[in-house]
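> Shown below is the structure under consideration.
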Amino acid sequence: NYVVEKRDVRRKAWQAVDTTVKELKYTVTPLNEGSLYVFRVAAENSAGMGEFCEMEDAVLAKDTFTTPGPPYALTVVEVTKRHVELKWEPPKSHGGRPITKYVIEKKEKLGSRWLKCCKTPDKQSQFKVTDVDEGTEVQFQVRAENEAGVGDPSEPTEILTIEDATSAPSPPLELAVPEASREHISVTWKPPTKDGGSPISGYHVEVAEARPELKWLRVNNRPIKELSFRIDDGIKPEKKYVIRVRAINAVGVSDPSDVSDKVFTKDPDCAPTLDLASQEVVVVEGEKLQLKVPYRAIPTPKMVWKKDEVECKAGERLSMTVEMNSAHLDLLKSSRADAGAYAITLENSLGSATGTVTVKVI
231 NYVVEKRDVR RKAWQAVDTT VKELKYTVTP LNEGSLYVFR VAAENSAGMG EFCEMEDAVL
291 AKDTFTTPGP PYALTVVEVT KRHVELKWEP PKSHGGRPIT KYVIEKKEKL GSRWLKCCKT
351 PDKQSQFKVT DVDEGTEVQF QVRAENEAGV GDPSEPTEIL TIEDATSAPS PPLELAVPEA
411 SREHISVTWK PPTKDGGSPI SGYHVEVAEA RPELKWLRVN NRPIKELSFR IDDGIKPEKK
471 YVIRVRAINA VGVSDPSDVS DKVFTKDPDC APTLDLASQE VVVVEGEKLQ LKVPYRAIPT
531 PKMVWKKDEV ECKAGERLSM TVEMNSAHLD LLKSSRADAG AYAITLENSL GSATGTVTVK
591 VI
């Protein structure tokens, strides 16, 4: 077995902790918080006890855990004249000990101090505060508590008026379209100025193709919690759309926001770039030569093919086409005279790109 002893650095005498330890580790208790200790261990067998192995450095006895971090995402679920229901997310750091409860604090609009309002009975992260006075304007914050104490507060709520909801919200503001492509439209907006006496629980986004008679379609299945949304469903390339947004509270849905400017669904303009995966093509004499060059360019570029520095002209054997994402050169019944360097140049209003393919005829 092993013998474990401890010594407070303020004392000279060693104190036996346990003389029958079988394992290669041991938890020493009790210790006085704030005191410095050194420890030593000796092995013992039937012939007696060996020399002690002593720690070189003293150890400060203190808790290794702290108070929790702040809760986050504090949200107002409901406001009435008799209560306010809050919910939040637990802290990202619990301080090394389980969270036991939460402390809810409130502050009046004109007040300067946060006052403890109530505590949750356990670690639940949603609670209905009933210590409210009708007609007052207050805001709330939440702190987490563990064995070490109460942690830092969450970000506070907006200032709330303690009253029953009376109406739907006013429309959202400042609708904007920061980005669009052939397949999606991104929209942002600001909250309404009036929540109707009840917290905004979400938003609906509606889209319509820009025609004389607008047919509005809601594009979200569930209320949107954020102040932005990416519309992917129902968007077609090369079409013009308009968007509007409505706010939601416990009473109902607001009137729509102002309609956005027309949005044209196309990818952003860019200069041509070529993707020449193969720089050399081999074709059998008499077979059809097909050159396909993938590219990216908006708007669609003009195309010029040259063979050995001479511009190619379409004819009975030769055809050249440019599609949305690829450029083509097709040559019927290739001959050895068709071998050489074929250069393609694509050009639009933003720039140009040139690439070369070497053709061998065997």
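Under our numbering, the first residue of the sequence shown is numbered 231, with each subsequent residue one higher.
The C-beta atom is built at its ideal place from N, Cα and C for all residues, glycine as well.
As the structure is a computational prediction, the values presented were derived from the model and not from experiment.
#1: Expressed to the nearest angstrom, what Euclidean distance is found between the alpha-carbon atoms of K411 and D497?
#2: Please check if any C-beta of chain C sits within less than 9 Å of the C-beta of S579.
#3: So, at 6 Å on beta carbons, what are the nonlocal neighbours of E577 in its own chain, with the 5 sequence-adjacent residues on each side left out?
#4: Fully enclosed by the segment 524–559, which beta strand (DSSP E) runs are 3 residues long or longer?
#5: Comparing C-alpha positions only, which one of S565, A583, S582, T575 sits nearest to V589?
#6: By the 10 Å Cβ neighbour count, where 16 or more other Cβ atoms means buried, how is N376 classified, buried or exposed?
#7: Pull up the CB-CB distance for V372 and Y332, whole angstroms please, since I reckon it's below 8 Å.
#8: Would you tell me roughly how many angstroms separate the C-alpha atoms of S355 and I415, rounded to the nearest one?
#9: DSSP has Q520 in a bridge; who is on the other side?
#10: Contact between the segment 279–288 and the segment 323–342 is defined here as three or more beta-carbon pairs at a separation below 8 Å; is this criterion met?
#11: With DSSP collapsed to three states, give me the class of R476.
#12: In chain order, which continuous runs of the beta strand (DSSP E) of length 3 or greater are located wholly inside the segment 234–292?
#13: Distance, Cα to Cα, I454 vs S490?
#14: Can you tell me whether D382 is helix, strand or coil according to DSSP?
#15: If we count the other Cβ atoms within 10 Å of its Cβ and call it buried at 16 or more, is D425 buried or exposed?
#16: Ordered along the chain, which non-local residues of its own chain (more than five positions away) have a Cβ less than 8 Å from that of P529?
#17: At what residues does the beta strand (DSSP E) containing G325 begin and finish?
#18: Check each candidate in V481, L559, E468 and name the one with the smallest Cα separation from V511.
#19: F494: buried (16+ other C-beta within 10 angstroms of its C-beta) or exposed?
#20: Counting pairs of Cβ atoms below 8 Å between the segment 479–488 and the segment 458–471, do you hit three or more?
#21: Starting from T575, follow the beta strand (DSSP E) in both directions and report where the run begins and ends.
#22: Within this structure, are the beta carbons of F357 and L316 separated by less than 9 Å?
#23: Based on Cα-Cα distance, which residue from E263, K252, T297, I592 lies nearest to V271?
#24: Which residues share a DSSP beta bridge with A583?
#25: Which one of K337, M279, L290 has the shortest CA to CA distance from E263?
#26: Measure the Cβ-Cβ separation of T297 and G381 and say whether it is below 9 Å.
#27: With a threshold of 6 Å on Cβ separation, who are the neighbours of Y433 within its own chain once the five nearest residues in sequence on each side are excluded?
#28: Looking only at its own chain, which residues have a Cβ that is under 6 Å from the Cβ of W344, when we skip the five neighbours before and after it?
#29: According to DSSP, simplified to helix, strand and coil, what is R185?
#30: Nearest to Y232 by CA position, among G379, E546, V247, is which residue?
#31: Among E443, K536, V309, which has the Cα closest to the Cα of I389?
#32: Quick one: give me the first and last residue of the beta strand (DSSP E) that H313 is part of.
#33: CB-CB under 6 Å to V307, same chain, minus the five flanking residues each way: which ones, in chain order?
#34: Can you check DSSP and say which residues form a bridge with C500?
#35: Exposed or buried, I592, counting other C-beta atoms within 10 Å across all chains shown (16 or more means buried)?
#36: I574 and W535 - do their beta-carbons sit closer together than 9 Å?
So, from the listed chains and residues:
#1: Just to set this straight, residue 411 is Ser in the shown sequence, not Lys. Spanning the two alpha carbons is a distance of roughly 4 Å.
#2: Included in the structure is just one protein chain, with no chain C present.
#3: P531, K532
#4: 532–537, 548–552
#5: S565
#6: buried
#7: 5 Å
#8: 35 Å
#9: D560
#10: no
#11: strand
#12: 245–251, 266–275
#13: 18 Å
#14: strand
#15: buried
#16: D499, N578, S579
#17: Where G325 is concerned, there is no enclosing beta strand (DSSP E), given that its DSSP letter is neither H nor E.
#18: L559
#19: exposed
#20: no
#21: 570–578
#22: yes
#23: K252
#24: L576
#25: L290
#26: yes
#27: I454, V475, A477
#28: E335, K337
#29: Given a span of 231 to 592 for the chain in the structure shown, any question on residue 185 remains unanswerable.
#30: V247
#31: V309
#32: Careful: H313 lies outside any beta strand (DSSP E) and carries neither H nor E.
#33: E315, K317
#34: I528
#35: exposed
#36: yes
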